[in-house]
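Chains as they are written, first to last, in the working numbering: chain A, 66 to 473; chain B, -13 to 483.
We put the CB at the ideal spot given by N, CA and C, even for glycine.
Keep in mind it's a predicted model, so treat the numbers as computed, not measured.
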Amino acid sequence: MLTRRQFLANSAIGAATLMIWPKLTLAATGSDTRFLFVLLRGGLDGLESVPPYGDPGYPAIRGALALSPSAQEPAHKLDNVFALHPSFDYAAQLYVQGQFMPVVAAAPPYWGRSHFQAQNCVENGTAKPDGAQTGWLNRCIASMPGGEGLACAAVMPLTMRGTAKVETWSPPLPTDVNPILLQRLQPLYAADASLAAPFARAVAQQTDSPVPDNAVKPGADMPADGSGRPRKQKAGGLPVMMGAAGGFMGKVDGPRVAFVEDDGWDTHANEAAIVTRKIAELDAGVRAFHQSIGAMWGRTVVIVATEFGRTAHINGTGGTDHGTGGSMFLAGGALRGGRVAGNWPGIGSGELYQNRDVHATTDFRSVFKGVLAAHLGVAESLLESRVFPDSQGAEALGNLVASGRAAA
Amino acid sequence: MNASGNDVTAAVNRFGLGAKPGELASVHDPRAWLNAQLARGADDGNAFADLPGSLDYLREEAQLQMTRRTFKQGDRGRRAFLLGDMQSASQDGQANAAALKQALKPYRQETRKELLAEAAARYQVTTVSDTPFVERLVRFWSNHFAVSVDKRSARLFAAPMEREAIRPHVTGRFADMLLAVETHPAMLLYLDNVRSVGPNSLLGRRTAMRLARKGDMDQGKAGGLNENLGREAMELHTVGVNAGYTQADVIEFSRALTGWSVPYPRDFANGGQPQSAFVFRANAHEPGARHVMGKTFAAGGLEQGSDILQFLARQPATARHLSLQLAQHFVSDHPPQSLVERMAKSYLEHDTDLAAVYRTLIASPEAWDAEARKFKTPQDFVISSLRAAQIGLDGRPQPVLALLKDLGEPVFNPRSPAGFTDNSANWIDADGLWKRVQAAEALSAYVAQSNHVPLAFAQDILGPLLDEDTAQAIRRAESARQAHATLFASPAFQWRA
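Pasting the structure below:
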């Protein structure tokens, strides 16, 4: 069929008033669900984000950085072992409603402690940093009938690179573009084989209102993060980006799969202050996403992941170094949450990986596969062969999704 | 298009920073033009003469820290202090905080002024430079040794590192540049080496004993090893990630680097006058011999770490890693293996002399292949626009800084020690192209309304790359400003071809 893109590329700008996302019929997709993947670059500390306050090894190993529900700044108690970092206010509310769930001691299949290699694995969906040149989320979209994705990033991230159609979005510049200039440029770009397609998409995107009215705007006041300092929303910050993602995905014909990324999670020094601020941003991001996706929240699962956990011990600079097992978070109205998932390996003597890191007992891909199969209806055969090649060892986790549907 | 015309545009666009008016016409022998620039080395035209050095910046930071410290009293708990939690602080604490803010204000204003002055000088140099190939190399190495200013403690030092550690060595030996970078405050602060302490060093043992006596289990206070610099120096700066080194090598190298630091605020206190922005703290240095990648380095002080750097700089893996990156930057995302090998050979045969590697690149036919091209990064796009129209910033770089941030390449802020991607495929996407059109409109507003004849201007800047359709579009522009916007936004202008 003639896609809307091709139609737009061939039409004058003034006539291009159609929406950019092709309308997906429920019959074509099996179900109309949404999935957001949030990547926290830098390595979020699992012991700080989901403190195992009930593990007797924890206070000893974390010293002054240890968090607990009974501390002066109480962590949010989840059960008798785990709590959530004090900054997770909104997430803690969702947890009570069964719409939030941490996974503890999780890691990608690569355990080498390099940011870039680990991020490559988290993004390319293999156990090797150079295991694929495309992203697993793109391959997931390619495995869904009529699938289309959105990457909220100024530059296409590896996670979303590949053959499936994915748009990028980031907060626009304030400058207006003269429509006559655009008319002059269109034939020039149409003649450039490498740039024709992205330019046509760029023009098409402008004809749809890119940001929903209720999304968090850059420059707006951020919710209090406990620091007592007022902060403004950053243009590329999680609340703005997740809010925008929710706005796109909340539309009936919006993208079913989206990606948001954030960085600044590499806490080699002065960790307490950094993690407090960053988790407050993530928490505000989840809240902004929930607000802007609206009713579609009930059909949505969000996964938040990072490339590795950090060392169990504090280093010499009040921070932690690159480690192994860390935490993941799931959220959404379609989630079967309100519990802590994963197998806790303990952090007592002899329980650490190489005597330094929290062990990893859950392969990221097991969580991804569980959500992709039950929530997006991606066939198991495609999950093993295409989305996460050579992942037979990482069995899909079951029971993650409340309204699970089999593949269409 | 004739072959020699292509070589000229390649020299000016792909090796250089994009044409200044008259530049394309002035180049008769592209290879000789590039080699002559190498002979001149980095020439900043005195643009940096009035800027403070890293030691000045360290002194300033020390004054700020000491001011802050005088306010660090009261009954706030450690965690509340770390969080800046004023609600749980006492009344005194709140008054204290307001006074502190007031006291710090002049420092913050000064810092902001300095950051802008650094940026203004940097973009001034690139806009007017007559040695654009060398300036591109400076940017290349600056990104190779990326320092990201989202790390607050490093943010005053990223621009000085480029001036102080990279420019002096850009046509010299890589081994010298490497040592200059790894001893620069920017890198030592960015990758957390300043407080990395050998556990068996004098300082490490003393701290451990003191804490044990007090029964203090807070390991955050104890001196400890930090692996960040050691790891990235191997993975990103020298041998590269597939060179076969192990976690044990990283730890050994990091131990050798313990004590590599900068003057602390207390070193400036009480009339203290540190003479260098780099300090080797022998009492924090881990004693003993080190074993890195199969070689043993005898126990020693500063020279132990610098010997390892010299060793790493001369590894064949480093030669290949750097040559591949250079070829990817100057030729294409997937450069011919033959070219990379030739450059790597040159690197090793000339004892890490970078000028020799560049000359090999220039002399290689692969570098002049008609298919060789790169998509301009946002930096390339903005700089080539500034050069084309000779847009002067008059000491106000803010519009350019904002533009680069919005285009996805904020200045000195790649957010990772790996730097910004140098892969063209990663920069080509719908959102980015749209923002370039917006940026072209914005930049055209800064073009002096001189008596440019727009078409002649476009011919001057693009030369044989100006195709008939683009020429037509520029000819039809209703104003000089729209003609400039059309040029900057045209697909022909987006490539380093």
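Contiguous alpha helix (DSSP H) elements confined to the region 300 to 378 of chain B occur at 302 to 316, 323 to 335, 340 to 349 and 364 to 375, taking only those with 4 or more residues. The alpha-carbon of D293/B is positioned some 19 Å away from that of P171/B. The closest CA to that of T376/A, considering only T332/A, L400/A and V452/A, is found on T332/A. Collapsing the DSSP output to three states places D327/A in a strand. G184/B counts as buried, since at least 16 other C-beta atoms from the protein chains shown sit within 10 angstroms of its C-beta. L340/B is a Cβ neighbour of V156/B, given a cutoff of 9 Å. Put simply, the backbone Cα of R342/A is about 19 Å away from that of Q158/A. At a cut-off of 9 Å between C-beta atoms, P173/A does not count as an interface residue with respect to chain B. Shown here for S134/B: same chain residues with a beta carbon closer than 6 Å to its own, the five before and five after excluded, namely N399, P400 and R401 in chain order. In the DSSP secondary-structure assignment, R375/A is bridged to H387/A.
Between the beta-carbon of G108/A and that of H387/A there is about 6 Å, and that keeps the pair under the 8 Å contact cut. In this structure, the CA atom of D417/B is about 18 Å from the CA atom of K299/A. Taking C-alpha positions only, A285/A is separated from V305/A by approximately 10 Å. Partner residues in the beta bridge of P167/A, as assigned by DSSP, are F394/A. Neighbours of Q162/A in chain B, taken as residues at a C-beta separation under 9 Å, are lacking, since the least C-beta distance is about 28 Å. Of all residues in the region 384 to 412 of chain A, only G384, D386 and H387 place a beta-carbon less than 9 Å from a beta-carbon of chain B. In the three-state scheme derived from DSSP, where H, G and I count as helix and E and B as strand, D253/B is classed as helix. Taking the Cα positions, F394/A is about 10 Å away from V405/A.
In its chain, beyond the 5 residues on either side, V(-2) and I447 have a beta carbon closer than 6 Å to the beta carbon of A5/B. Proximity of K421/B to chain A, defined by a Cβ-Cβ separation below 9 Å, is satisfied.
The residue from K142/A, G177/A, V168/A and W176/A with its alpha-carbon nearest to that of V161/A is K142/A. An exposed status is given to P210/A, since fewer than 16 other beta-carbon atoms sit within 10 Å of its beta-carbon. At least one C-beta of chain A is nearer than 9 Å to the C-beta of P403/B. Residue pairing by DSSP leaves D415/B without any beta bridge partner.
The alpha-carbon of Q457/A is positioned some 25 Å away from that of S179/A. Around the C-beta of S262/B, fewer than 16 other C-beta atoms lie within 10 Å, and the residue is accordingly described as exposed. Fewer than three Cβ pairs drawn from the region 361 to 369 of chain B and the region 185 to 194 of chain A lie within less than 8 Å of each other, which leaves the two stretches out of contact.
Taking the beta carbon of T224/B as reference, no residue of chain A falls within 9 Å; the closest one sits roughly 14 Å away.
For a Cβ distance threshold of 8 Å, residue set A219, E232, T233, W234, S235, A267 and Q270 of chain A lies close to D417/B, ordered along the chain. Taking 9 Å as the threshold, the shortest C-beta distance from P154/B to chain A does not fall below it. By the neighbour-count definition (other C-beta atoms within 10 Å, threshold 16), Q248/A is an exposed residue. The alpha-carbon of M163/B is positioned some 16 Å away from that of L215/B. Looking at the backbone, the Cα of T371/A and that of S182/B are separated by about 25 Å. Distance from E104/B to A145/B at the Cβ level is roughly 4 Å; contact confirmed, criterion being Cβ atoms closer than 8 Å.
Shown here, W409/A sits in coil according to DSSP, grouped into three states, outside any helix or strand. Around A342/B, the same chain offers S332, Y333, E335 and H336 as residues with beta carbons nearer than 8 Å, after the five sequence neighbours per side are excluded.
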